[in-house]
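Only one structure is covered here, and it is reproduced in the block below.
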Amino acid sequence: MTLRRSLLLAVAGLTAAALVAVSLTAVLALRAHLLHQTDEQLTGAARLAQSRAVLLAVDPTLRGDAVREVVSVTEYVIELRRGDSGTVRIVGGPPLPPRPLLASARLDDPAPQNVAGYRAVVVADGDFTVLVALPLEPLHATVRRLALIAAVASASVLAVLMLLARWLVTRRLRPLNEIAAAATDLADGQLDRRAPEPPDAPRTEVGRLTLAINGMLGRIEAALAARGRSEQRMRDFVADASHELRTPVTSIQGYLQLVRSGVVDLRDRPDVLRRLEEESSRMGSLVTSLLYLARLDASPAVTRTPVDLAALARDAVADALAVEPDRALSVDGPEELLVTGDVDTLRQVMANLLANVRAHTPPGTAALVRVRPGPELVRVEVTDEGPGFSEHAAAHAFERFWRADAARTTGGAGLGLAIVAEVVRAHGGEAGAAGSTVWFTLPRDS
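Take a look at the structure:
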């Protein structure tokens, strides 16, 4: 059973039960009220009949006047009995009952009682027993008429309420149908499908459900898009890695085949061993970078400890000078600048930036490392005096295995800046390049 049908049936059942209860209460209350009025009339008439009982039974000349005094309403029936004598029956209007009511009434009970379709009161005074009665049919007719009116009115009210309830339930549940349609469209591939949000969404249950569902659909779309990008990135990564590894592997295999076939004598060609060492070193460096990137992709979370970024910059410059003493490298920054992050990965970032300078600028080219503190962000810039990045190269510099033009592509596998971007992103910052400057920012409390 659908939710709409179950709600309509519940509303119909509760409304019908309420109408039946109200109608039954009204009918019973009216019946009790009419009986009470009848009993009061009968009690008063019985007292009057009791006072006139002798005249009614003994003096026929006075019977008409006495009857008019007692039978003020035409429906009254009066019966009198004196000792063991017969019953005298007087009726105001309707036909007499077939049998005397005194024959069926409880003579020792002064309370009002029902006797053969009449409401009667019996009083006794000495030898006289007087019964005053009114027919119950007018009362029953009134009650039946009220019951019929209540039934018709209740049926009409129930029909109108059901129509209103159906319209209201349909209107209020329309967002649920929209949510179901949006979920179905999402399953069919329409990732941008959303359910219309009602204007009173934050204040109603269905509105809040719509907001929650739309939020969930948005997160699902983002997750699917991220998954698609991740899969495409992995495919590109595998293809690029295979291409990059193919070159040194092919070179090593070629030299080894030449040595094994005797074409190259290592005693006459010591440069072959040097080339084998260079290619194997290049392949080892490439594999190390690939493993480092894979580890960053698998667990991008970093260790959060206080790190002196100014000290890291000075250490990185010192390490670079040890590798290339003839290059003019300097640091411009405060004595101490603390951020929250992972010291090892940040050290790798500084090393990669300076290695990028060595790989893509002529020997001896000067470079400057600037560390600039800010109220919320820390900015680190590495600026060299080389040819710099073009606008196109700067837009792709941090992509994996991407190489710029020939002026800046001597050596390297195109992974150094990609590692920088991944580490900085894991710390909540961003990296970029413009001209001859490569920079990155980190939050003070990253």
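In terms of our numbering, the sequence shown opens at residue 31 and continues consecutively. Glycine is no exception: its CB is placed at the ideal position from the N, C-alpha and C atoms.
8 Å Cβ shell around residue i - same chain, five flanking residues per side excluded
i: L137; result: V152, A154, T159
i: G459; result: L407, F470, T471, L472, P473, S476
i: V317; result: L275
i: G416; result: V387, H390, T391, P392, T395, R438, S466
i: A343; result: V361, G363, M380, V399, V401, V410
i: V84; result: Residue placement at V84 cannot be trusted, given a pLDDT of 48 that sits under 50; what the coordinates show is reported in the next sentence. The answer, listed in chain order, is F158.
i: A436; result: Low local confidence applies: a pLDDT of 40 at A436 is under 50, so the model's placement there is unreliable, and no value is given.
i: L64; result: L169, T172, V173
i: T91; result: Because T91 sits at a pLDDT of 45, beneath the cut-off of 50, its placement in the model cannot be relied upon, and the following sentence gives the value as read from the coordinates. There are no such residues.
Nonlocal neighbours in the same chain, by C-beta distance under 7 Å from residue i, ignoring five residues either side
i: I282; result: L306, E309, S310
i: L39; result: none
i: R196; result: L38
i: L49; result: S184, V187, L188
i: V145; result: L131, S134, A135, A163
CA-to-CA distance, residue j to residue i, given in whole angstroms
i: A150; j: L72; result: 7 Å
i: V453; j: L383; result: 12 Å
i: G446; j: A212; result: 44 Å
i: L60; j: E167; result: 14 Å
i: T214; j: L247; result: 11 Å
i: S291; j: R299; result: 14 Å
i: G441; j: A255; result: The predicted model places G441 with a pLDDT of 48, which falls under 50 and marks its position as unreliable, so this point remains unresolved.
i: E366; j: R257; result: 40 Å
i: V41; j: H66; result: 37 Å
i: G404; j: V369; result: 11 Å
i: A346; j: A385; result: 10 Å
i: G462; j: V468; result: 6 Å
i: D301; j: R357; result: 28 Å
i: G418; j: A464; result: 8 Å
i: D374; j: L321; result: 15 Å
i: P165; j: A75; result: 14 Å
i: L288; j: A253; result: 52 Å
i: L191; j: S184; result: 10 Å
i: L161; j: S36; result: 58 Å
i: V268; j: G219; result: 27 Å
i: L376; j: P232; result: 44 Å
i: L351; j: P278; result: 28 Å
i: T280; j: A210; result: 57 Å
i: G43; j: A62; result: 28 Å
i: D222; j: E261; result: 20 Å
i: G94; j: L178; result: Summary for G94: the model assigns pLDDT 46, below 50, so the residue's position carries little reliability; its value from the coordinates is reported in the next sentence. C-alpha separation (whole angstroms): 41 Å.
i: R201; j: T55; result: 35 Å
i: R111; j: V182; result: 47 Å
i: A348; j: G314; result: 25 Å
Residue i vs residue j beta-carbon contact at 8 Å
i: I412; j: A397; result: The question names Ile, yet the displayed sequence has Val at residue 412. Yes, these two residues count as a Cβ contact at 8 Å.
i: P127; j: Y106; result: no
i: G284; j: V337; result: no
i: L131; j: A163; result: yes
i: V199; j: R34; result: yes
i: L188; j: A46; result: yes
i: A242; j: V57; result: no
i: N244; j: R265; result: no
i: L169; j: T68; result: yes
i: Q143; j: A135; result: yes
i: I250; j: L203; result: no
6 Å Cβ shell around residue i - same chain, five flanking residues per side excluded
i: S360; result: L398
i: P226; result: E208
i: R402; result: R409
i: A340; result: G363, P364, E366, L367, V401
i: D89; result: Annotation note: pLDDT 49 at D89 (below 50); position unreliable, coordinate value reported separately. Cβ neighbours of D89 beyond the five flanking positions: none.
i: D414; result: V387, T391, T395, A397, S466
i: R334; result: T370
i: S53; result: A180, S184
i: A477; result: The question about residue 477 has no answer here: the residues shown for the chain are numbered 31 through 476.
Residue-chain proximity (residue i, chain D), Cβ-Cβ < 8 Å
i: A424; result: The structure shown contains no chain D; it holds only a single protein chain.
Beta-bridge pairing of residue i - partner residues as DSSP gives them
i: N144; result: R149
i: W469; result: E411, G462
i: R400; result: D362, E411
i: V337; result: V369
Requested in this report: Can you check the stretch 142 to 219 for any beta strand (DSSP E) of at least 3 residues that lies completely inside it and give the ranges in chain order?
Outcome: 143 to 145, 148 to 155, 158 to 165
**Report entry** Entirely enclosed alpha helix (DSSP H) segments - the stretch 368 to 400, minimum 4 residues
**Finding:** 373 to 390
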